[in-house]
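Data block below; observations after.
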Amino acid sequence: MTAALTAEEAAALAAVDEASVARTLLELIAIPSVTGSAAESEIQHHLAGRLDRLGLETDLWPMDLPALRAHPDFPGTEAPREEAWGLVGTTGGTDGPTVVLQGHVDVVPPGDPAHWVGDPFVPRAVGDTVHGRGACDMKAGLAAHLAALEAIRASGSRLRGRVAVHFVVGEEDGGLGAFGTLQRGYSGDACLITEPTGGALVTANAGALTFRIEVSGRAAHASTRDEGASAIDAYLPIHAALARLEAVRNADPDPVMAEHPIPYALSVGTLRAGDWASSVPDLLVAEGRLGVRLGEDPAEARAALERCVAEACAADPWLREHPAAVLWSGGQFASGRLAAGHPLRDLVRDAHADAVGGPRLPERGAPYGSDLRLYAAAGVPTLQFGPGDVRLAHSPREQVSVRETVQVARTLVLAVLRTAGTH
Numbered sequence: 000m001t002a003a004l005t006a007e008e009a010a011a012l013a014a015v016d017e018a019s020v021a022r023t024l025l026e027l028i029a030i031p032s033v034t035g036s037a038a039e040s041e042i043q044h045h046l047a048g049r050l051d052r053l054g055l056e057t058d059l060w061p062m063d064l065p066a067l068r069a070h071p072d073f074p075g076t077e078a079p080r081e082e083a084w085g086l087v088g089t090t091g092g093t094d095g096p097t098v099v100l101q102g103h104v105d106v107v108p109p110g111d112p113a114h115w116v117g118d119p120f121v122p123r124a125v126g127d128t129v130h131g132r133g134a135c136d137m138k139a140g141l142a143a144h145l146a147a148l149e150a151i152r153a154s155g156s157r158l159r160g161r162v163a164v165h166f167v168v169g170e171e172d173g174g175l176g177a178f179g180t181l182q183r184g185y186s187g188d189a190c191l192i193t194e195p196t197g198g199a200l201v202t203a204n205a206g207a208l209t210f211r212i213e214v215s216g217r218a219a220h221a222s223t224r225d226e227g228a229s230a231i232d233a234y235l236p237i238h239a240a241l242a243r244l245e246a247v248r249n250a251d252p253d254p255v256m257a258e259h260p261i262p263y264a265l266s267v268g269t270l271r272a273g274d275w276a277s278s279v280p281d282l283l284v285a286e287g288r289l290g291v292r293l294g295e296d297p298a299e300a301r302a303a304l305e306r307c308v309a310e311a312c313a314a315d316p317w318l319r320e321h322p323a324a325v326l327w328s329g330g331q332f333a334s335g336r337l338a339a340g341h342p343l344r345d346l347v348r349d350a351h352a353d354a355v356g357g358p359r360l361p362e363r364g365a366p367y368g369s370d371l372r373l374y375a376a377a378g379v380p381t382l383q384f385g386p387g388d389v390r391l392a393h394s395p396r397e398q399v400s401v402r403e404t405v406q407v408a409r410t411l412v413l414a415v416l417r418t419a420g421t422h
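Each step along the sequence shown adds one to the number in numbering that gives the first Met the number 0, with nothing skipped, and position 66 is 65.
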């Protein structure tokens, strides 16, 4: 224990209800809020109702997608969508700081149902563990936010400052929801994002840029393939060059990222070539993601990949005359981090020690992009601390512990009370 609990803190911790957390988690997983789907909007309306019932001042609004897309800092999207809803709930007073509790409501598609035990959107509880798409990424984080708000309200605590809950869409494909929320004018003095962090504080995120490489060939009948030029064969030296670029970019990572084998991964996720088995393919399209180093301008990262592809083309007879094209689309995640020495680290560490006990939370960076960088870029000190293991996210093994979710909720209770202050 780092400090004696005040009566208000003790009352609020006692009001965290594990059974209610479990019910909320099951309820949220059952809404199949895949990025860009109608259910993504459905869950925002569902959560707005939850915030209304908690007595928060609720702002639920349809985002102006054309205006956001036209903004020069728009972070990009990958999933098609016809609508997007923002949701912010606020409570408390105006005599102290504002702490933001942030979480994204969207989940990635479940993939092949055969790889799951049961329906991925029918949550399955086995003891303390809940399985289902979105369990840790990040319906458990949303449940922890709601549980913390419920406990603070039930305890009768009167906040000097404010709590602002930002529930956002579109995190998985770029950060549309967070970007739109910040553009609406919402901000704060500190932000806690409950992404799954596996019992650590995540204070930095690498970035990730989606790229597309188009490689030309020359079509011919397969029986006379020497008359053509395969786009697949032409791509191979580019693929090898990308592997060398990844090695160079990961040679000296920031210490906070050093525990990751590949902090700034460069990965080709899809390859499409040809339209007939007995034809020489005249086009190959490779799509992938480029990791952005901490503190690196995304424009510099793009330039590095473009130089890599250009140099590979210059060294190859076919590509020299038919250079590959590099295009940038989809989600464009910059990196982001909490400033060195910022007190938010120790505030959350102390809150966890006082609410849960156990060893002091370690600090690390994460090799993936997240909304952290948007809040940090807007001047809001931000870190991630949430239930679950990110290694299980986006997989048919996705799961989360109810007990861990409760522990995060208890930590949030103290972090909020100590940041916003009480009368």
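Every residue, glycine too, gets a C-beta built ideally from N, C-alpha and C.
As the structure is a prediction and not an experimental result, all values here were calculated from the model.
- DSSP, reduced to helix, strand and coil, places arginine 359 outside both helices and strands of the structure shown, so it counts as coil.
- In the structure shown, arginine 292 adopts coil according to DSSP, grouped into three states.
- A straight-line Cα-Cα distance of about 29 Å links isoleucine 30 and alanine 11.
- Cβ contact annotation for arginine 402 (same chain, cutoff 8 Å, sequence separation greater than five): Glu17, Asp127, in chain order.
- Apart from the 5 residues on each side of it in sequence, alanine 38 sits with its Cβ closer than 7 Å to the Cβ of Ile30, Pro31, Ser32 in its chain, given in chain order.
- Non-local C-beta neighbours of leucine 24 in its own chain, meaning closer than 8 Å and more than five positions away in sequence, comprise Pro122, Val129, Ala134, Lys138, Ala139, Ala142, Val399, Val401, Thr404, ordered along the chain.
- Counting along the chain, the unbroken beta strand (DSSP E) around valine 125 starts and ends at 123-125.
- Shown here for alanine 219: same chain residues with a beta carbon closer than 6 Å to its own, the five before and five after excluded, namely Glu226, Gly227, Val279 in chain order.
- If you look at isoleucine 212, you'll find it in the beta strand (DSSP E) that goes 206-215.
- Residue pairing for tryptophan 327: DSSP places it in a beta bridge opposite Phe210.
- For the 8 Å CB-CB criterion, glutamate 56 and threonine 34 do not form a contact.
- Rounded to the nearest whole angstrom, the C-alpha separation of alanine 376 and glycine 335 is 7 Å.
- The Cβ-Cβ distance between glycine 385 and threonine 180 does not fall below 8 Å.
- Where tryptophan 317 is concerned, the enclosing alpha helix (DSSP H) starts and stops at 316-320.
- Contact between glycine 160 and alanine 333 fails: their C-beta atoms lie close to 29 Å from each other, not under 8 Å.
- Here arginine 248 is buried: its Cβ has 16 or more other Cβ atoms, across all protein chains shown, within 10 Å.
- In this structure, DSSP gives serine 400 an extended state, which the three-state scheme calls strand.
- Annotated three-state conformation of threonine 180 is helix, per DSSP.
- Rounded to the nearest angstrom, the Cβ distance from alanine 323 to isoleucine 212 is 5 Å, consistent with a contact under 8 Å.
- Per the C-alpha coordinates, the member of Val407, Leu293, Leu145, Phe210 positioned closest to glycine 356 is Val407.
- Taking a cut-off of 8 Å on C-beta distances, the region 200-209 touches the region 356-371, as three or more cross pairs fall below it.
- Note on geometry: alpha-carbon atoms of arginine 271 and alanine 285 lie some 7 Å from one another.
- In the three-state reduction of the DSSP assignment, arginine 409 falls in the helix class.
- Annotation for valine 389: Pro195 place their beta carbon closer than 6 Å to its own, counting only its chain and skipping 5 residues before and after.
- The beta carbon of cysteine 190 lies closer than 6 Å to those of Val99, Gln101, Tyr374, Val379, Thr381 in the same chain, with the five residues before and after it left out.
- For serine 186, the secondary structure class from DSSP, reduced to helix, strand or coil, is coil.
- Excluding the 5 residues flanking it on each side, glycine 85 has same chain C-beta neighbours closer than 6 Å at Trp60, Met62, Gly179, Thr180, in chain order.
- Take the alpha-carbon of alanine 9 and the one of leucine 360: they are about 21 Å apart.
- Going by DSSP, alanine 354 is part of the alpha helix (DSSP H) stretching over 343-354.
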